[in-house]
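**Q** There's a structure below that I have some questions on.
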Amino acid sequence: MAELATRPLTLTINGESVGPIEVPDDLMMIDFLHEYLGLTGSRLGCGQGICRACVVILDHDDGTSEEMRICITGAHFFNAKRIRTIEGHASRDATGNVTALTPVQQKFVDHFAFQCSYCAPGFVNAATVLVERLERDPVPRDRLEDAIDEALGHHICRCTGYVRYYAAARAAIDDLGLVREG
Amino acid sequence: MKRLMIGTLVLLPSLTAEAADSTSATNDAALVEQGRYLARTADCAACHTTDDGAPFAGGVPIASPFGTIYGTNITPDPDYGIGNYSADEFYHAITRGEVPDGRQLYPAMPYTSYHLMRREDSDAIYAFLMSREPIARAAPPTDLGFPFNQRWGLTLWNIVYADDLAPTPAEDRSPAWRRGQYLVEVMGHCGECHTPRGWTGAMDLDRHLEGGMLEGYLAPSLRAEALAERGWNPHDLAQFLQQGMSPQGSAFNEMYPVMHHSTQYLQDDDLAAMATYLLGDAAPEPRTIEVKALDAVGESATRGRQRYLETCAGCHGGDGKGKPEAAVAMAGNTTLRLKDPTNLLRVTLDGIEERDFPGFSRLQQMPGFGDDLSDAEIADLSNYLRETWGGQPGNVSPQDVADARVSGTHDDP
């Protein structure tokens, strides 16, 4: 067994700088979040990038955002990058108590979109990436369903909450005025 | 048995006509089944059946450097298909590229390979196709720019090239080798992709099976020494054709449909014959690659090791052994052993679709990393893979990656 090679990792998670911290060079990002930072909201499902329960948001310098599957992406891929995890969405007070959910989170709750909630962090992050894309470029009404399907369709929910997830995403997008009429 | 049949005929003369009919029906059914098998060896479906369309109704787009050609309707429909062809005319069309009204077929139809198809095999395929459901649907018209839309030019092309394809004399070869030659060269028309093409679009027969380019991907050399160099032996080659997977990797890009429509259905002895022909009666010893340790690879490859751990190891494993039903092994992978890095770069940039394989196997989608990794990062990653598991030098430059990005930007037909 080779010695455990490590290298320093520095990144920004939910707006806060993390590191530099010595991390094994082959550690997957989900294990880093769970084991080093105690951020256990990102879920390990299939472990091979299929179910997308582990998805976090990668923020690019140009203002765009992207889903990343962190069960198959190494921690060091995110060196010097900015990500958001499920823990970073809601507003909190000084003591860390949640004071307000994001519109996407709120609609998911209102629509009873999830049951067991295992897939919910991935769905929240995917729907948030979609909302942020539509904020830059609203979707025509007749393309709305396709846009939701393209954004959420790869996420697996074993309680089969798809219909409610889609309805909740539709409601959030509508409320936020991100649909172009005609 | 014979005596019993004669006795039956004598005793029951009124049934003889029916018995004869039923014998001929049995013969017909056997011929149709034979034709079904031969149509698979010839991979007719690859171009004549779309993913979601009726069998043999045509419409598969075939990109050529000159424009898009569509597979035609070869169901027995008299108006849109080949319902009015006689067996003679069918044989003439598939072996010479001339259809009954005198038109020349575009050589996307591999009649240069089928040229030496045995008449009885053509007849069996004809019987099979004629037993299919006629589909009254026109295939889309071809979309070639001038001058390639001028079919008269093809006549000359045919005269020049089609008769040069007689296989090498084979008297001193085993029956399996000769059967394999027929399956590879004539029915399977492997050379249509694996032989490089000259500027006219015709196969360069001096470089037979040495590898061709297909929409930005390399159809690698099938020469025995090249296959052995990349780790192939007869057993694994036959397994690859049957299952689409072997220790050397999986069928991807245009080889996947070949396995899916054609070679997975071939009988074991036919697959073994193809491997015997390709590798020879005395197959060369496959080259083994010593896995290179990290301290033995170059600077670019050392950087690439970290990229590999970050973006690839989640599925292919830190040790390169892959995950069953998810991702192929890098250790022993034949694509990494190609001198030309084109396929490695293309797959890294484009990814590979999720695919089902025979026997309820599957491989999940491989994401493309063109958007997430820079040219320099992909060059480093490629050099790590080539040096560690490919026995190849780490000579891929960022410019090579940039060029591969450009060669991959084509309009999908």
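Going down the list, the protein sequences come from chains A and B.
Letter by letter, the first sequence follows residues 233 to 414 of my numbering.
Letter by letter, the second sequence follows residues 1018 to 1430 of my numbering.
Note that beta-carbon positions come from the ideal geometry of N, C-alpha and C, so glycine has one too.
1) Label G328/A either buried or exposed according to how many other C-beta atoms from any shown protein chain fall within 10 Å of its C-beta, with 16 as the threshold for buried.
2) What residue does the beta strand (DSSP E) around I1111/B start on, and which one ends it?
3) Is G1197/B closer than 7 Å to Y1097/B when the C-beta atoms are compared?
4) Please report how far the alpha carbon of E417/A lies from the alpha carbon of L241/A, in whole angstroms.
5) Tell me whether L1146/B counts as near the ligand COA, meaning its Cβ is closer than 6 Å to at least one heavy atom of that ligand.
6) Would I304/A pass as an interface residue toward chain B - the criterion being a Cβ-Cβ separation below 7 Å?
7) Quick one: what's Q1121/B bridged to in DSSP?
8) Below 7 Å between beta carbons is the criterion; list the residues of the stretch 1355 to 1371 of chain B that meet it against any residue of chain A, in chain order.
9) Rounding to the nearest angstrom, what Cα-Cα distance links C1329/B and V1418/B in this structure?
10) Kindly indicate which residue of G1233/B, G1321/B, F1083/B, S1103/B has the alpha-carbon position closest to the one of I1091/B.
11) Helix, strand or coil, according to DSSP, for R314/A in the structure here?
12) Any beta carbon of chain B sitting closer than 7 Å to that of I245/A?
13) Please list the partners that E1327/B has in chain A, where partner means a Cβ-to-Cβ separation under 7 Å.
14) Relative to chain A, which residues along the stretch 1289 to 1316 of chain B have a C-beta separation below 7 Å, given in chain order?
15) Here's a check: name, in chain order, each residue in its chain whose Cβ is nearer than 6 Å to the Cβ of L333/A, leaving out the five neighbours to either side.
16) Are R239/A and D257/A closer than 7 Å when you measure CB to CB?
17) According to DSSP, is Y1087/B part of a helix, a strand, or is it coil?
18) Quick one: does A1236/B have its CB under 7 Å from some CB of chain A?
19) Output the distance between the C-alpha atoms of P1072/B and I1079/B, rounded to the nearest integer angstrom.
20) Per the DSSP calculation, T244/A is bridged to which residue(s)?
21) May I have the straight-line CA-CA distance separating G251/A from Q337/A, to the nearest angstrom?
22) From the DSSP output, which residues share a beta bridge with K978/B?
23) Counting along the chain, where does the alpha helix (DSSP H) carrying D1285/B start and finish?
24) For G273/A, I'd like the list of residues in its chain whose CB is within less than 7 Å of its CB, leaving aside the five on either flank, ordered along the chain.
25) For R1320/B, I'd like the list of residues in its chain whose CB is within less than 7 Å of its CB, leaving aside the five on either flank, ordered along the chain.
26) Tell me the residue span of the alpha helix (DSSP H) that contains F1257/B.
27) For D1357/B, does the three-state DSSP call read helix, strand or coil?
28) What residues in its chain sit with their C-beta under 7 Å from that of A1193/B, if we drop five residues either side in the sequence?
29) Is it right to say E382/A is buried, meaning 16 or more other beta carbons lie within 10 angstroms of its own, or is it exposed?
**A** So, to answer that:
1) By the neighbour-count rule (16 or more Cβ atoms within 10 Å), G328/A is not buried but exposed.
2) No beta strand (DSSP E) contains I1111/B, which is instead part of the alpha helix (DSSP H) from 1104 to 1113.
3) Cβ atoms of Y1097/B and G1197/B: not closer than 7 Å.
4) Given a span of 233 to 414 for chain A in the structure shown, any question on residue 417/A remains unanswerable.
5) As far as ligands go, the structure on display features none, and thus does not contain the ligand COA.
6) By this cut-off, I304/A is an interface position.
7) Looking at the DSSP assignment, Q1121/B forms a beta bridge with E1115/B.
8) Within the stretch 1355 to 1371 of chain B, no residue has its Cβ closer than 7 Å to any Cβ of chain A.
9) Taking the straight line joining both Cα atoms gives about 18 Å.
10) Measuring from the Cα of I1091/B, the nearest candidate turns out to be S1103/B.
11) In the structure shown, R314/A adopts extended strand secondary structure according to DSSP, grouped into three states.
12) With 7 Å as the cut-off, I245/A does not count as an interface residue toward chain B.
13) One finds T305, G306, H308, F309 in chain A with Cβ atoms closer than 7 Å to the Cβ of E1327/B, taken in chain order.
14) Here the close residues number zero.
15) These residues qualify, in order along the chain: A322.
16) Yes, the pair counts as a contact, with Cβ atoms nearer than the cut-off.
17) Looking at Y1087/B - three-state DSSP - the assignment turns out to be strand.
18) Answer no: the Cβ-Cβ gap between A1236/B and chain A never drops below 7 Å.
19) One C-alpha to the other measures close to 17 Å.
20) DSSP lists S249/A, R314/A as partners of T244/A.
21) The alpha-carbon separation between G251/A and Q337/A amounts to approximately 29 Å.
22) Residue numbering for chain B in the displayed model covers 1018 to 1430; residue 978/B lies beyond these limits and cannot be assessed.
23) That run of the alpha helix (DSSP H) goes 1285 to 1296.
24) Sequence-distant partners of G273/A (beyond 5 residues in either direction) whose C-beta falls short of 7 Å from its own C-beta, in its chain, are T317, I318, E319, P353.
25) The residues D1397, in chain order, have a CB closer than 7 Å to that of R1320/B in the same chain once the five nearest residues on each side in sequence are set aside.
26) Residues 1251 to 1260.
27) In the structure shown, D1357/B adopts coil according to DSSP, grouped into three states.
28) Within the same chain, A1193/B has close Cβ partners A1289, A1290, T1293.
29) Taking all protein chains in view, the Cβ of E382/A is surrounded by fewer than 16 other Cβ atoms within 10 Å, so the residue is classified as exposed.
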